[in-house]
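Each remark here refers to the structure printed beneath this line.
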Amino acid sequence: MKNDVQKSSYLGEVIAVTNQKGGCGKTTVTINLGVALSKLGYKVLCVDGDKQVNMTSGLIKRSETIENKDLGVILQNILDDKKFQVKKFITHTRYVDIIAGNRALYKYLKDFNERSDRNTVYRNIFEGIRDAYDFILIDCPPTAGAENVQAYTAATQILIVSEPSLYSSDGVIDAIEIAQIAKKKTNKDLKLLGIVINKMNFGWSDHKEYEADIRQSYQKYVRVFDTVIPCRACVAKATTNAKSVLQHRSKDKASIAFEKLALEVVKGV
Ligand SMILES: Nc1ncnc2c1ncn2[C@@H]1O[C@H](COP(=O)(O)OP(=O)(O)OP(=O)(O)O)[C@@H](O)[C@H]1O
Ligand SMILES: [Mg+2]
Numbered sequence: 002m003k004n005d006v007q008k009s010s011y012l013g014e015v016i017a018v019t020n021q022k023g024g025c026g027k028t029t030v031t032i033n034l035g036v037a038l039s040k041l042g043y044k045v046l047c048v049d050g051d052k053q054v055n056m057t058s059g060l061i062k063r064s065e066t067i068e069n070k071d072l073g074v075i076l077q078n079i080l081d082d083k084k085f086q087v088k089k090f091i092t093h094t095r096y097v098d099i100i101a102g103n104r105a106l107y108k109y110l111k112d113f114n115e116r117s118d119r120n121t122v123y124r125n126i127f128e129g130i131r132d133a134y135d136f137i138l139i140d141c142p143p144t145a146g147a148e149n150v151q152a153y154t155a156a157t158q159i160l161i162v163s164e165p166s167l168y169s170s171d172g173v174i175d176a177i178e179i180a181q182i183a184k185k186k187t188n189k190d191l192k193l194l195g196i197v198i199n200k201m202n203f204g205w206s207d208h209k210e211y212e213a214d215i216r217q218s219y220q221k222y223v224r225v226f227d228t229v230i231p232c233r234a235c236v237a238k239a240t241t242n243a244k245s246v247l248q249h250r251s252k253d254k255a256s257i258a259f260e261k262l263a264l265e266v267v268k269g270v
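Each residue of the sequence shown is one higher than the one before, counting from 2 in the numbering used here.
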């Protein structure tokens, strides 16, 4: 299956990539899993749901203009009650489509506080485009605020990213709890896709201990993916160059790990 082939139907899975702990690799996993899924032939949209806009700059070079197409502009159109097509705000790259982030995301979302669609706004945005994608990946921010409630409400699945560290594995508990609340209140069909361990130094005994701890503590509630993403300098380097590591170093262990993760994700949905 080639990713430029028009299919008659798409999976329409919406995956919130999350952990309230900062820096564990949510953005990196969104970018690289997105590209890996695309290389398998799936149609992928990556959505930058974080005002830090790291996903956007990790996929689009600063010099390349995105012509006022971003999540903030979409939200402003909804607030202004304008009729618009979401697809007009999508940027196309070689492997994945993108809804770019907006640094003032908080300002737009604040205006939704008093509205009845405050929790469902992302779900409503994806409603008209879900059928055109196999996977919509939302890069969530490292907060427990409104942006996460909106992402968890729009999602069909939650993918938790964890570093092999104490704080990051504490963030896993928060993510599971928020998912449970969302399931009860705003999204009864929400599923936990799994936990992926990222930034692993396989030679470090404390990393191995945390991996074992994460597997033992959580796998009775949620799948912990067999694939572990190694900590590799080329992963960070690729993002700095607005590329996935799969494009930057296709044979690197990290690229191979993201390809394996993509296969596990496809089997898990
Ligand atoms: N597997 C990896 N190997 C090496 N570096 C990595 C890896 N994963 C992530 N990084 C680096 O770690 C830093 C944090 O990663 P990233 O921005 O993806 O985390 P995040 O969870 O999205 O952070 P935030 O919570 O701030 O949004 C970045 O500099 C990134 O390049
Ligand atoms: Mg991030």
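Glycine residues also receive a C-beta, built at the ideal position from the N, C-alpha and C atoms.
The structure presented is a predicted model; accordingly, all values stated were derived computationally and were not measured.
Residue i, DSSP secondary structure in three states
{"i": "LYS221", "result": "coil"}
{"i": "LEU138", "result": "strand"}
{"i": "ILE177", "result": "helix"}
{"i": "PHE226", "result": "strand"}
{"i": "VAL162", "result": "strand"}
{"i": "LYS268", "result": "helix"}
{"i": "LEU193", "result": "strand"}
{"i": "THR187", "result": "coil"}
{"i": "ALA145", "result": "coil"}
{"i": "THR241", "result": "helix"}
{"i": "GLU65", "result": "coil"}
{"i": "LYS282", "result": "The requested residue 282 does not occur in the structure, where the chain is confined to residues 2 to 270."}
{"i": "ILE79", "result": "helix"}
{"i": "LEU72", "result": "helix"}
{"i": "GLU210", "result": "helix"}
{"i": "ILE130", "result": "coil"}
{"i": "ASP118", "result": "coil"}
{"i": "ARG124", "result": "helix"}
Cross-strand partners of residue i (DSSP beta bridge)
{"i": "MET201", "result": "PRO231"}
{"i": "LEU46", "result": "ASP98 and ILE137"}
{"i": "THR92", "result": "ILE99"}
{"i": "ILE16", "result": "LEU138 and GLN158"}
Any non-hydrogen atom of ligand 3 closer than 7 Å to residue i Cβ
{"i": "ASN69", "result": "With respect to small molecules bound, the structure shown includes ligand 1 and ligand 2 and not ligand 3."}
Classification of residue i by the beta-carbon crowding that lies within 10 angstroms, buried from 16 upward
{"i": "HIS1", "result": "Outside the displayed range of the chain (2 to 270) lies residue 1, so it cannot be described from this structure."}
{"i": "ALA37", "result": "buried"}
{"i": "PHE271", "result": "For the chain, the structure presents residues 2 to 270; residue 271 sits outside this window and is missing."}
{"i": "ARG233", "result": "buried"}
{"i": "GLU1", "result": "The structure shown does not extend to residue 1, since the chain is modelled only from 2 through 270, so no value can be given for it."}
{"i": "PHE127", "result": "buried"}
{"i": "PHE190", "result": "Checking the sequence, you will find Asp at residue 190 rather than Phe. The residue is exposed, with fewer than 16 neighbouring Cβ atoms inside 10 Å."}
{"i": "GLN151", "result": "buried"}
{"i": "ALA180", "result": "buried"}
{"i": "LEU110", "result": "buried"}
{"i": "GLN21", "result": "buried"}
{"i": "THR241", "result": "exposed"}
{"i": "GLU210", "result": "exposed"}
{"i": "ALA105", "result": "exposed"}
{"i": "ASP135", "result": "buried"}
{"i": "PHE90", "result": "buried"}
{"i": "LYS40", "result": "buried"}
{"i": "LEU76", "result": "buried"}
{"i": "LYS200", "result": "buried"}
{"i": "LYS44", "result": "buried"}
{"i": "ASP71", "result": "buried"}
{"i": "SER206", "result": "exposed"}
Three or more C-beta pairs below 8 Å linking the stretch 11–27 and the stretch 72–91: Taking 8 Å as the limit for Cβ pairs, the verdict is that the stretch 72–91 does not touch the stretch 11–27.
The stretch 153–167 / the stretch 199–217 touching (three or more Cβ pairs under 8 Å): Because the criterion of three Cβ pairs below 8 Å is met, the stretch 153–167 and the stretch 199–217 touch.
Cβ pair count under 8 Å reaching 3, the stretch 132–151 against the stretch 49–56: Pairwise C-beta distances place the stretch 132–151 in contact with the stretch 49–56, as three or more of them are shorter than 8 Å.
At least 3 beta-carbon pairs within less than 8 Å: the stretch 58–76 vs the stretch 195–202: Judged by Cβ distances under 8 Å, the stretch 58–76 makes no contact with the stretch 195–202, as fewer than three pairs qualify.
Cβ contact (3+ pairs, closer than 8 Å) linking the stretch 53–64 and the stretch 113–128: Contact between the stretch 53–64 and the stretch 113–128 is absent, because fewer than three Cβ pairs lie under 8 Å.
Stretch-stretch touch, CB-based, cutoff 8 Å, three pairs: the stretch 118–135 with the stretch 146–162: Touching, yes, given that three or more Cβ pairs across the two stretches are closer than 8 Å.
Three or more C-beta pairs below 8 Å linking the stretch 6–16 and the stretch 94–104: Under the three-pair Cβ rule at 8 Å, the stretch 6–16 does not count as touching the stretch 94–104.
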